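A quick write-up on the structure given underneath.
Chains as they are written, first to last, in the numbering used here: chain F, 2 to 149; chain Y, 37 to 433.
Structure (structure tokens):
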């Protein structure tokens, strides 16, 4: 049994995982998820993109949680269902990307403007093993940990 | 008054609820009510525009024709619009355009829906290229979770509290008490909202609107036709704004997983929701200060506060002050959602933007019994739907 991403090609794995976006080679705009279609910039007719890894660190735009089990096609990892937190994170590339929040963290660990980093964790388990997803993990500043 | 006004000759609704009937039943009920209100006979209608419902099979996809057939084929032109939550407004705009082009004198616009219970989930099947499917599969990101992101920002940026959000519900519940078309007609206290289960922090169950069955219909005519038929001072539609976002759209919109990037092109001066209202004001030549009543899309209580600012009824971050001062309550400076809003109705997607227009019409006619905004002269509606849809309709009398 191995761990494989729940979605192909959206993020890298390994010690420093990162989201993979697309950069328009004509105007330089970055998109996530990756695109193979047309550039969204109305002043650009670009149709050629190159993969680009997005910054692993960002700041929280906002956050919430899912206290009820979301409907399918969401696949819950546990039975009974365990709530998880969600964050929208602003990256230096000038876009905000949604993600679940890392295991063990909830809305009490977040605030608008706080720093988070990208991690890869298990979203659910199927017959092939763990299926992984990107998540946002709060960056606990030195000295704060004792307050947790 | 401008050269692109059209007259609202009649409005009608089927009460919101969970009636378990076919959407066509509701639509025909609302259509007949609107026609009766207008005094115009069905055979005189030259265009039917239906708001598409995506959860009711083929009949829903061709809603305009479905309603036309149910009313009895009368040879009218037909159109069907789909613009998510802005469906009704887009249908209205289609009717308005044909009237203003001189190609039609009377148009009937109808939206109706029958909705499932619980969370609105995506259509069945694996769709790896559909963000509406992916957001559930990869993130478990429900509609209330998006609403909660906006609510939390108000708390962290402007000092809003969960009590403020609850106060919106309390206000709207009170507004809707005597509205015969409202589904929930019961007073709610702040403590009731706070005692209800948290769905997505910071929003409680009673902060979030339900999904409902319901229907709304509007009969539009040219101003000239209205005059000829004895409608001396009809409510007029001065503007219908259905603008799309301007790149880069920097606000996280349902059902997207990310926003546009500002890397190559800087953020536009106005957010998408601000631009929806701005286009309506500009088209009508009406100033936000002239608005006497607003019907806004309170999918969540906190979202009503966002809309008040998006409609420029106050400055950014000040909506809580208006709410706390009672300004947005009936009898206040600028009553918001006198109908009771989605808090009292629940959402019936293709009917909702039309229901807002029905309410403003009753308000401007002075017929909103039990919830009348005294002396209302100008009303505005606002809503936003998935995939770059949104609407704002400005009406006056």
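Built from N, CA and C at the ideal position, the CB exists for glycine as well.
Source: prediction; values computed, not measured.
Next on the checklist: Taking the alpha-carbon of residue 105 of chain F as reference, which of F:140, F:71 and F:74 has the nearest alpha-carbon?
Outcome noted: F:140
Next on the checklist: Would the region 106-115 of chain F count as touching the region 306-313 of chain Y if we require 3 or more Cβ pairs under 8 Å?
Outcome noted: no
Checklist entry - Should residue 149 of chain F be labelled buried (16 or more other beta-carbon atoms within 10 Å of its own) or exposed? => result Bear in mind that a pLDDT of 42 at residue 149 of chain F, under 50, signals an unreliable position, so the model cannot answer this.
Checklist entry - Nearest-angstrom Cα distance between residue 192 of chain Y and residue 92 of chain F? => result 19 Å
Item to check | Under the three-state DSSP convention, the category residue 66 of chain F falls into | outcome: strand
Item to check | Beta-carbon neighbours of residue 120 of chain F, restricted to chain Y and to distances below 7 Å | outcome: What residue 120 of chain F touches in chain Y: nothing, since even the nearest Cβ is about 15 Å away.
Item to check | Reduced DSSP secondary structure (H/G/I, E/B, other) of residue 245 of chain Y | outcome: coil
Checklist entry - Any Cβ of chain Y within less than 8 Å of the Cβ of residue 69 of chain F? => result yes
Checklist entry - Mind checking if residue 64 of chain F is an interface residue toward chain Y, Cβ cutoff 8 Å exclusive? => result yes
Checklist entry - Are the CB atoms of residue 26 of chain F and residue 49 of chain F nearer to each other than 8 Å? => result yes
Checklist entry - Of the residues that make up the region 25-59 of chain F, which ones have a beta carbon closer than 8 Å to any beta carbon in chain Y? => result 25, 28, 29, 30, 31, 32, 33, 34, 41, 42, 43, 44 and 45
Next on the checklist: Measuring only the C-alpha atoms, how far is residue 172 of chain Y from residue 75 of chain F?
Outcome noted: 5 Å
Checklist entry - CA-CA distance, residue 60 of chain Y and residue 380 of chain Y? => result 22 Å
Checklist entry - What are the uninterrupted segments assigned as alpha helix (DSSP H) that are 4 or more residues long and contained completely in the region 54-106 of chain Y, given in chain order? => result 59-74 and 93-97
Item to check | Alpha-carbon to alpha-carbon, residue 387 of chain Y and residue 91 of chain Y | outcome: 13 Å
Checklist entry - In angstroms, rounded to a whole number, what distance separates the CA positions of residue 51 of chain Y and residue 211 of chain Y? => result 16 Å
Checklist entry - Between residue 73 of chain F and residue 385 of chain Y, what straight-line distance do the alpha-carbon atoms span, to the nearest angstrom? => result 21 Å
Next on the checklist: Going by beta-carbon coordinates alone, are residue 400 of chain Y and residue 322 of chain Y separated by less than 8 Å?
Outcome noted: no
Item to check | Separation of residue 427 of chain Y from residue 147 of chain F, as counted between CA atoms | outcome: Below a pLDDT of 50, predicted positions are generally treated as unreliable, and residue 147 of chain F, at 48, falls in that range; no measurement from the model is reported.
Next on the checklist: Between the alpha carbons of residue 167 of chain Y and residue 294 of chain Y, how many angstroms are there, rounded?
Outcome noted: 10 Å
Checklist entry - Which residues in chain F sit within 8 Å of residue 288 of chain Y, going by Cβ to Cβ distance? => result 62, 63, 89, 97 and 99
Item to check | Spatial distance of residue 313 of chain Y from residue 346 of chain Y (CA atoms) | outcome: 7 Å
Item to check | Spatial neighbours of residue 126 of chain Y in its chain, beta-carbon cut-off 6 Å, leaving aside the 5 residues before and after | outcome: 117, 119 and 278
Item to check | Member of Y:408, Y:371 and Y:418 whose CA lies at the smallest distance from the CA of residue 392 of chain Y | outcome: Y:418
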